[in-house]
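K.L.:
One structure, as structure tokens, below. Some questions next.
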Amino acid sequence: AAKLLFNAREFHGAAFLFSRALHIAQQAKSVSDETVAALTNNVAAAYHGLGEWDEAVDRFKTAIQLFEALEAKRHSIGKWLDGDSTQRKIDFIRGRMELAARHERPPPDEWLDSSGTVRQGGADYFDKKAKVAER
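Residue 396 in the working numbering sits at position 76 of the sequence shown, with consecutive numbering throughout.
Right, here's the structure in full:
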């Protein structure tokens, strides 16, 4: 639901739901550190969309720290196996943090997938994916 709100540019609702999910994930012992890092980034992205610059920058910094901690734990074979997706995520988040620090909104149709690949496509892209999934 939070991703749907985010993709529809309903950043208030997305920020609320991502924050709730992050809180729950932080309390749960079985949730991966990567999930917590990703949710932290999602909260930051929602604040960025709202133009809450300082809050976005703070959350982006936290997400970077969490992903850097994950990267430090990985052995070189793990980095090779995942194509260094964690470092790509860190680089993308740094770019978003720099935009927020300059009080600039992110490109509306650019997003990061779970493999750390930057993708293009706005709300219409997600609508098309949902219609394909319904078939």
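Every residue gets a Cβ at the ideal spot worked out from N, C-alpha and C, and that includes glycine. Please read all numbers here as calculations on a predicted model, not as lab measurements.
State yes or no: is the C-beta of L390 within less than 8 Å of the C-beta of A348?
P.N.:
As a working note, residue 390 is residue 70 in the sequence shown. As a working note, residue 348 is residue 28 in the sequence shown. Cβ atoms of L390 and A348: not closer than 8 Å.
K.L.:
Beta-carbon separation of F331 and L370 under 8 Å?
P.N.:
Position 11 of the sequence shown holds residue 331. Position 50 of the sequence shown holds residue 370. Yes. Within cutoff.
K.L.:
Pick out whichever of Q346, T406, A328, A366 has its Cα sitting closest to the Cα of M417.
P.N.:
The residue labelled residue 417 in the question sits at position 97 within the sequence shown. Minimum Cα distance to M417 is reached at A366.
K.L.:
Mark S405 as exposed unless 16 or more other C-beta atoms lie within 10 angstroms of its C-beta, in which case mark it buried.
P.N.:
Taking the sequence shown and counting its residues from 1, the one referred to as residue 405 is at position 85. It counts as buried.
K.L.:
Going by beta carbon distance, what residues of the same chain come within less than 7 Å of F338, once the five residues before and after it are set aside?
P.N.:
Reading the sequence shown from its first residue, position 18 is the one you call residue 338. Same-chain partners within the cutoff: A322, L359, N362, V363, A366.
K.L.:
With which residues is L419 paired in a DSSP beta bridge?
P.N.:
Mapped onto the sequence shown, residue 419 falls at position 99. Its beta-bridge partners do not exist; DSSP assigns none.
K.L.:
Can you tell me the Cα-Cα spacing of V351 and L324, whole angstroms?
P.N.:
As a working mapping, residue 351 is identified with position 31 in the sequence shown. As a working mapping, residue 324 is identified with position 4 in the sequence shown. About 22 Å.
K.L.:
Extract the residue ranges of the alpha helix (DSSP H) inside the region 332-404, only unbroken runs of 4 or more that lie entirely within it.
P.N.:
353-370, 373-393, 396-401, all fully within the region 332-404.
K.L.:
Opposite Q407 in the DSSP bridges: which residues?
P.N.:
By 1-based counting over the sequence shown, the position of residue 407 is 87. Its beta-bridge partners do not exist; DSSP assigns none.
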